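Quick notes on the structure that follows.
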Ligand SMILES: [Zn+2]
Ligand SMILES: [Zn+2]
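Numbering (this note's numbering), first residue to last: 68 to 477.
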């Protein structure tokens, strides 16, 4: 980012934090949280700051104008003290769902990498080493596209469903946010989770990821072949059992020969010829070994496939870190100029990040765009642009500059 483009973005962030439009909701027990800020020009992180209330924080934001604002998920006796002297009291349970962790068909189209050594660049997945000079440091450019954000939303829907139905959290305890970039955050604020340690949080991570499910244990022991399917394989109607049962039922109902083969089912003929019997005897009556040719192995393979579909793809380290800093709701994301915004769980299906997270509503500016795919923002569609000057609304210009795709035309 050129200095004059950075000055433009800084000026817009400053207007935002000095204006009255910036409604910034405070996290619970704000006085027990550590705050951290990434500075625009210095690119350093200022940490271990504490605020008693909104006025001190607002003043800090309007004077400092950071590019990114974070607070701890944790509650501390002394949030401003050094790490080992803070006095950890507990932490919210947080989940991060980011398109970086979800394979999408579009990252080959919109993601770019540039060699830090020689400047050679390419599209798609970043290589291990530069094909020209062998350098291993890259500057990567990703793009927050509709498809990426829709996949992140699908993962969020699965996660929230598990938190509600399997863990029993109420909607009041679940806070869902658009992260401001390529994903969603889910925060659980509840006394029962507050004091869970990293190991307990890892158990929750494993659950939502479908790791270590008991129904696969028998197979792992190698006993399955000799025993009848009904003795080894069974699914009851709660939690993962229910999720697998419903998912497998749906899979069998719609399965083609190709589907079954791609999942690794060798007895696909038996499955295809006995669909009705399977759905009735196995799924309705629980007699998993009652259809000839449909073995424990068949069930295990289909269950494994369905487990991968139904598990939520989260960034696991975020949830297990009990000192984690997380972006503060209402503030701007330094890579997009979009806000992290909370919305009700019930609105997950229709929430539109490219409309509802837009912070800059006025003005336009001329920018020179290097390369950007077609994108949607604030109800309008822009681009694609390639090496051209174009006048854009402020929000679109800030997004492109922050993402390293454009510079202000002086
Ligand atoms: Zn190179
Ligand atoms: Zn994408």
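All residues carry an ideal CB built from backbone N, CA and C; glycine is no exception.
No experiment lies behind these values; they were computed from the predicted model shown.
In angstroms with no decimal places, state the Cα-to-Cα distance between residue i and residue j.
i           : j           : result
residue 460 : residue 469 : 14 Å
residue 171 : residue 178 : 11 Å
residue 342 : residue 301 : 18 Å
residue 401 : residue 217 : 21 Å
residue 80  : residue 134 : 8 Å
residue 105 : residue 73  : 14 Å
residue 287 : residue 435 : In this predicted model, residue 287 has a pLDDT of only 45, less than 50, meaning its place in the structure is not dependable; the value taken from the coordinates is given anyway. Taking the straight line from one Cα to the other gives about 58 Å.
residue 258 : residue 111 : 34 Å
residue 103 : residue 382 : 21 Å
residue 238 : residue 410 : 12 Å
residue 308 : residue 373 : 11 Å
residue 414 : residue 422 : 14 Å
residue 364 : residue 162 : 34 Å
residue 366 : residue 338 : 11 Å
residue 20  : residue 115 : A question about residue 20 goes unanswered here, because the residues of the chain that appear run from 68 up to 477.
residue 126 : residue 397 : 15 Å
residue 176 : residue 451 : 12 Å
residue 437 : residue 200 : 24 Å
residue 417 : residue 220 : 10 Å
residue 194 : residue 333 : 36 Å
residue 96  : residue 154 : 15 Å
residue 291 : residue 299 : Confidence is the limiting factor: at residue 291 the pLDDT is only 48, short of 50, which leaves the residue's position unreliable and the question unanswerable from this model.
residue 269 : residue 455 : 48 Å
residue 429 : residue 331 : 55 Å
residue 107 : residue 447 : 29 Å
Measure the CB-CB distance between residue i and residue j and report whether it falls below 8 Å.
i           : j           : result
residue 245 : residue 424 : yes
residue 379 : residue 222 : yes
residue 215 : residue 166 : yes
residue 462 : residue 445 : yes
residue 346 : residue 320 : yes
residue 440 : residue 210 : yes
residue 458 : residue 477 : no
residue 231 : residue 242 : no
residue 260 : residue 386 : no
residue 311 : residue 370 : yes
residue 202 : residue 183 : yes
residue 93  : residue 164 : no
residue 263 : residue 160 : yes
residue 394 : residue 76  : no
residue 146 : residue 101 : yes
residue 277 : residue 377 : yes
residue 306 : residue 233 : yes
Report the three-state DSSP secondary structure of residue i (helix, strand or coil).
i           : result
residue 382 : coil
residue 343 : helix
residue 262 : coil
residue 139 : strand
residue 287 : Residue placement at residue 287 cannot be trusted, given a pLDDT of 45 that sits under 50; what the coordinates show is reported in the next sentence. Three-state result, residue 287: helix.
residue 190 : strand
residue 390 : coil
residue 436 : strand
residue 163 : strand
residue 361 : coil
residue 112 : strand
residue 100 : coil
residue 455 : strand
residue 238 : helix
residue 123 : helix
residue 431 : strand
residue 157 : strand
residue 406 : strand
residue 85  : helix
residue 250 : strand
Report all residues from its chain with a CB closer than 7 Å to the CB of residue i; omit the five preceding and five following residues, and keep chain order.
i           : result
residue 335 : 324, 327, 328
residue 156 : 99, 142, 143, 144
residue 85  : 129
residue 119 : 98
residue 224 : 415
Check the Cβ-Cβ distances between residue i and every residue of chain B, and say whether any is below 8 Å.
i           : result
residue 271 : Going by chain labels, chain B is absent from the structure shown, which holds only one protein chain.
Using only the heavy atoms of ligand 4, determine whether one of them is closer than 7 Å to the beta carbon of residue i.
i           : result
residue 121 : Looking at this structure, you won't find ligand 4 anywhere; what it does contain is ligand 1 and ligand 2.
Using C-beta distances below 6 Å, list every residue in its chain close to residue i, excluding the 5 sequence neighbours before and after it, in chain order.
i           : result
residue 405 : 247, 424
residue 316 : 350
residue 91  : 397
residue 69  : 474
residue 207 : 180, 193
residue 158 : 140, 141, 389
residue 453 : 438
residue 322 : none
Can you find the residues in the same chain that come closer than 8 Å, C-beta to C-beta, to residue i, ignoring five residues on each side of it along the sequence?
i           : result
residue 185 : 197, 199, 200, 202
residue 431 : 458, 459, 460, 461, 464
Checklist entry - Within the structure, which residues are defined as neighbours of ligand 1 by a Cβ-heavy atom distance below 5 Å, reported in chain order? => result In chain order, the qualifying residues are 182, 184, 185, 187, 197, 199, 200, 202.
Next on the checklist: Which residues end up in the neighbourhood of ligand 2 when you take C-beta atoms closer than 6 Å to any of its heavy atoms?
Outcome noted: After applying the 6 Å Cβ criterion, the set is 171, 173, 174, 177, 212, 214, 215.
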